[in-house]
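Here is the structure we will look at.
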Amino acid sequence: MIAPKPMSRPDRVSPWRYLQLFRRDILSAQPERLYKAWMAEFRTPFFRSYLANDPALVHTILRDRPRDFPKSSRIGEGLRPLLGQSVFLTNGPAWERQRRIIDPAFERGRLAHALPAMWEAGQAMVARVLDQIGDGTEIEVEEIASHAAADVIFRILFSIPIEDETAAQVFHEFRAYQRSQPILNLAAFVPLPRWMPRFHRAETKRAALKIRSLITRLVEDRGRAIATGTAPDDLATRIMTTPDPETGGCFSAEEMVDQVAIFFLAGHETSASALAWALYLCAAAPEWQSRIATEADSVMQATEVKRLTTSRDVFRETLRLYPPVPMMVRQSTKSETFRNRAVPKAAQLVLSPWHLHRHTRLWDAPDAFDPARWQTEAARQSARDAYMPFSAGPRVCPGAGFAMAEGPLLLSLLLRAVTLTPMPGKVPQPVAHLTVRARDGIWLSAHPRGHADTATAGSTDG
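Here the sequence shown stands for residues 21 to 482, where the numbers follow the numbering used here.
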C-alpha cells in the first residue's frame, strides 16, 4: 500500500512564492529532488538554508558536534508565546541545566509508573469511541487521537483524567492554539532585532495566555501538595522535586510552567499525530489491522505492552512515513565545509526526518507502508542511518520511550474493539502545521469489531 504523500512544488520558484508556500505547508513547499539529494542549498535575501540528508552530516550535526550547531532561534519564534523558555527552545547552559533536571524523570525504569495511566486512558478512549459509533458510523480519527493523547499526558503529568475541569480547559484552548498558529511566522524568515515586537496573531496570543494561566494553576496546586507531603508520585512531582545535581536548585514555578507547556505540546500533539496516521494506515491495510487486533486479544494489563510486537512495528512504520515533527533546524556557529560546499556562519541547517525517512537511496520502497520491513536487516541498517522521529544525540526527545509504549498500546486497544475502513474518495493529504496532520482530517468508517454489518476494507493508494 502506497502511503499518501503531498505533491512537491516545481523545482524552481521565486523566493516570494517559496515563502508563501512554506508558510502554508512546509512539505508541499519542497521540490521532489530532495527525496534523493544528499544536500541542497536554498538562498533567500535574508539567510542561507541547507538541507542535510547525508547520514554522515546528520551524525556530525546531532551527535558528534551538537554544541557547534545549536537550535535555530528563528523556528522557535512562533512558539515563544506558549513555550516561553522551555527546554524545546533553549540552548547552551540554560538547556543543559533543564535536561539535568528533566532527564531523571524519564529514565527507563520510570516507564512502569506511566503504563497504568496509558492503559486507563486507552480504555477510556475505547469506551468513548464505542459510545460514539453505535452499530457503525463515520468518524474523524485525528480528534479521537488528540483527545486520547491529551488524556494520557494529563494522567502521567498530574494524575488527572481529561475530564478534570482544568485539564478539559487546557485541551479546549490548545485546539484553538493549533488552529491559529502557523508553524512559522515572519521572524523565521527575517532576522528581527531582539527589541522589535514579534507579530503573532491575536488569537494565538490569547490561546497561549489562557493555556499558560491554566497550567500555572496546576503547577501552584502541585507545589502546595508537595509542601504538605500529599502530592502523588507522578511526572510533575518528580520534576518539581528534582534538584539540579550541579547547583542544587529546582525549577521555579514559572520555569515549570514553561516545561509543562512543552510536555503537553510534545506529549500530546506529536502522539496524536502518529496515532491518527497509524489508524488510517491500518484501515487501508486490513491485514495489518487484523493482526494487531488478534495480538491485542492476549494482552490483558498494562505491563504486557512488550508483547505488542506487531503493533510496535506498525507504529515504527507510521513514524517513518509520518514523523510528527517533519523538520528540525540548527544553526552553524562558524564557517563549515560540508560535502565540498562552503557553509557560512549563522547558516540554517535543516535536518528533515520527512525526507530522510522517504529517501530513495536509503530505504527500499520508501513510500510503501510495510511494517514487515522492521524484521529485516536492511531496514535495521536504514534505521541506524536515517531514522530519527524523536531527533538524535543529546537533544533526543526525553519522552521517546514513553511514546513508543503509548502509541502501540492505544493502537492495539482501539483496534481490538473497532474495525476501521477507509471512506471512498477521502484519502487524507499530509500537511505540516505544528505537526504532520491531514489537511481536512482523517475520516474513516468505524464498526464494533465482529459486528455483522462491518464493511470489508479495501486498498487505498495516494
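Where is the CB? At the ideal position from N, CA and C, for every residue including glycine.
All values reported here derive from a predicted model rather than from experimental measurement.
{"Check": "Sequence-distant residues of the same chain with beta carbon closer than 7 Å to THR157, five excluded per side", "Outcome": "ALA466"}
{"Check": "Outcome for ILE22 when other beta-carbon atoms lying within 10 angstroms are tallied against a minimum of 16", "Outcome": "exposed"}
{"Check": "For LEU369 and ALA72, believed in contact at Cβ under 8 Å, the rounded distance", "Outcome": "6 Å"}
{"Check": "For LYS354 and HIS79, the rounded distance between their alpha carbons", "Outcome": "18 Å"}
{"Check": "Cβ-based burial, ARG340 [other Cβ within 10 Å; buried from 16]", "Outcome": "buried"}
{"Check": "Span separating the alpha-carbon of ALA322 from that of ALA57", "Outcome": "43 Å"}
{"Check": "Top-ranked residue by Cα proximity to GLY269, from SER92, PRO90, ASP45 and GLN118", "Outcome": "GLN118"}
{"Check": "Same chain only: Cβ atoms within 8 Å of TYR342, ignoring 5 sequence neighbours per side", "Outcome": "ALA23, SER293, ALA294, TRP297, PRO450 and VAL456"}
{"Check": "Proximity of ARG237 and THR257 at Cβ, strictly below 9 Å", "Outcome": "no"}
{"Check": "Reduced DSSP secondary structure (H/G/I, E/B, other) of TYR70", "Outcome": "strand"}
{"Check": "TRP58 (DSSP reduced to helix, strand or coil)", "Outcome": "coil"}
{"Check": "Nearest to ARG436 (by Cα), restricted to the options THR267, ALA303 and ALA245", "Outcome": "ALA303"}
{"Check": "Cβ contact (3+ pairs, closer than 8 Å) linking the stretch 146–156 and the stretch 276–283", "Outcome": "no"}
{"Check": "Rounded C-alpha distance that separates ILE81 from PHE410", "Outcome": "15 Å"}
{"Check": "6 Å CB neighbourhood of ALA187 in its chain, flanking five on each side removed", "Outcome": "PHE174 and ILE180"}
{"Check": "For MET347 and VAL33, the rounded distance between their alpha carbons", "Outcome": "21 Å"}
{"Check": "Alpha carbon of LYS25 to alpha carbon of TRP374, nearest angstrom", "Outcome": "10 Å"}
{"Check": "Option nearest LEU54 by Cα separation, candidates LEU371, ASP384 and MET145", "Outcome": "LEU371"}
{"Check": "Straight-line Cα distance separating MET138 from VAL210", "Outcome": "Any answer about VAL210 is weak, because its pLDDT of 47 lies below 50 and its placement is not dependable; what the coordinates show is given next. One C-alpha to the other measures close to 42 Å."}
{"Check": "Opening and closing residue of the alpha helix (DSSP H) in which THR439 lies", "Outcome": "That residue, THR439, is in no alpha helix (DSSP H); its beta strand (DSSP E) goes 438–442."}
{"Check": "Three-state class that DSSP yields for LEU382 in the structure shown", "Outcome": "coil"}
{"Check": "CA nearest to the CA of LYS91, picked from LEU102, SER106 and PRO101", "Outcome": "SER106"}
{"Check": "Cβ separation of MET59 and PHE358, assumed to be a contact under 8 Å, to the nearest whole Å", "Outcome": "6 Å"}
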